[in-house]
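Written out below as structure tokens is the structure these notes cover.
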Amino acid sequence: MTVQLPAPPAAPPTVAPAARRSRFAPGAGDQRKAGPLAYVLLIVAAFVSLFPLYWNVVAASHDSTRVQQAPAPLLPGSHLLENLDVAWNQVHMGVALINTTVVASVISASTVLFATLAGFAFAKLHFKGRNLLLALVVATMTVPPQLTVIPLYQIITDLQWTDTLQAVIMPSLVAAFGVFFMRQYLVEALPVELVEAARVDGANSLRVIWHVVFPVARPAMAVLAMLTFVQAWNDFFWPFIVLTDTGTPTLQVSLANLGAGNHTVDTAVVLTGALISTVPLLLVFAFLGKHIVGGITAGAVKS
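Residue numbers for the sequence shown follow this note's numbering, so the first one is 237 and each next one is one higher.
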């Protein structure tokens, strides 16, 4: 006689616990409404950032006597067009604007290109002496630029490049900071598997750089380009040394020449020249700032 035991009851289906949402994970619940304190801080920060520019515009619209009086003027005057005419024509401001645009654009493009290539080599390529070479590159940032002025000027003189734009451009085509900056970014942002996959697909070094490295490094390249452009635009020390001819000035040299040779300096005209040199940078930030910030945000998001 066979005895059949009752089958054991089926175990209740196990339900996987819901994944715990990280407080840092993006979602609809982590967008908090800004409180009054946040608005106050933002207003104060905006005021501190914009007031110097506003006062520059106000000072440029007055004569020098009113600018130097106390209290300082806080409302626009009626001398803006007159000061603009004097500043523009007295020191060839139009020529200086073109020269500075050329210098800053070439230096920025060259620095970004060479820094990206060298940064990729130091980050992902394996060769003897890589760490030593990187240490030497970083060590050059500790050398004060004043120590290199005399030998650089001697080289520029031997090449007969004085009073030319290449005298300003050539010493700044590569920057150690740019190489280190791009290397640090590519170490984390560029997976080795991505480069190896491109190699497996038959891509040579040039195609790997163009189709893999440049797209990944685009956010850092944009930031480096902006930083380099601003630095080259505001550079005064080296252009003042090699550009002795008033026919080939940069903006900062032209600003130094405003009022040079006179016993008194027209403060309003100098501030007007400073305003002229500032407006192009504001336009660059206005048109490219959104793309740069967007690129940084996209580069910071990890899958």
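Glycine included, every Cβ here is placed at the ideal spot set by N, Cα and C.
What did DSSP end up calling residue 378 once you bin it into helix, strand or coil? Within the sequence shown, residue 378 is the residue found at index 142, counting from 1. Residue 378: coil per DSSP, three-state reduction.
Same chain, Cβ closer than 7 Å to residue 431, neighbours up to 5 away in sequence not counted: As a first step, residue 431 must be located in the sequence shown, where it is residue number 195. Closer than 7 Å at Cβ, skipping near neighbours: 360, 444, 448.
Which residue from 358, 298, 425 puts its Cα closest to that of residue 502? For the purposes of this step, residue 502 is taken as residue 266 along the sequence shown, with counting starting at 1. Comparing Cα-Cα distances from residue 502 to each of 358, 298, 425, the minimum goes to 298.
Rounded to whole angstroms, what is the Cα-Cα separation between residue 538 and residue 455? Walking along the sequence shown from the start, residue 538 turns up at place 302. Walking along the sequence shown from the start, residue 455 turns up at place 219. With a pLDDT of only 46 at residue 538, under the threshold of 50, the placement of this residue in the model should not be trusted; the figure read from the coordinates follows. Their backbone Cα atoms lie some 14 Å apart in a straight line.
What does a CB cutoff of less than 6 Å around residue 423 pick up in its chain, not counting 5 residues either side in sequence? On the sequence shown, position 187 is the one that residue 423 refers to. Within the same chain, residue 423 has close Cβ partners 359.
Taking the Cβ atom as the reference point for each residue, do residue 403 and residue 392 lie within a distance shorter than 8 Å? As a working note, residue 403 is residue 167 in the sequence shown. As a working note, residue 392 is residue 156 in the sequence shown. Yes, Cβ-Cβ distance for residue 403 and residue 392 is below 8 Å.
With a threshold of 16 other CB atoms inside 10 Å of the CB of residue 521, please say whether the residue is buried or exposed. Looking up residue 521 in the sequence shown gives position 285. Answer is exposed; the Cβ neighbour count stays below 16.
Where residue 381 and residue 315 are concerned, what is the direct C-alpha to C-alpha distance, given to the nearest angstrom? Taking the sequence shown and counting its residues from 1, one reaches residue 381 at position 145. Taking the sequence shown and counting its residues from 1, one reaches residue 315 at position 79. Whole-angstrom Cα-Cα distance: 40 Å.
Taking the alpha carbon of residue 313 as the reference point, which residue from 321, 295, 369, 330 has its own alpha carbon closest? For this step, residue 313 is matched to residue 77 along the sequence shown. Minimum Cα distance to residue 313 is reached at 295.
Does the beta-carbon distance from residue 408 to residue 371 come in below 8 Å? Taking the first residue of the sequence shown as position 1, residue 408 is located at position 172. Taking the first residue of the sequence shown as position 1, residue 371 is located at position 135. No, they are not a contact pair.
When you compare each of 475, 516, 318 to residue 504 by their alpha carbons, which one comes out closest? Here residue 504 refers to the residue found at position 268 of the sequence shown. Among 475, 516, 318, the Cα nearest to that of residue 504 is on 318.
Limits of the alpha helix (DSSP H) - the one that residue 363 falls within: Locating residue 363 in the sequence shown gives position 127, where the first residue counts as 1. It is not in any alpha helix (DSSP H) - residue 363 carries neither H nor E in the DSSP assignment.
What's the call for residue 426, buried or exposed, on a 16-neighbour Cβ count within 10 Å? Mapped onto the sequence shown, residue 426 falls at position 190. Around the beta carbon of residue 426, 16 or more other beta carbons lie within 10 angstroms, which makes this residue buried.
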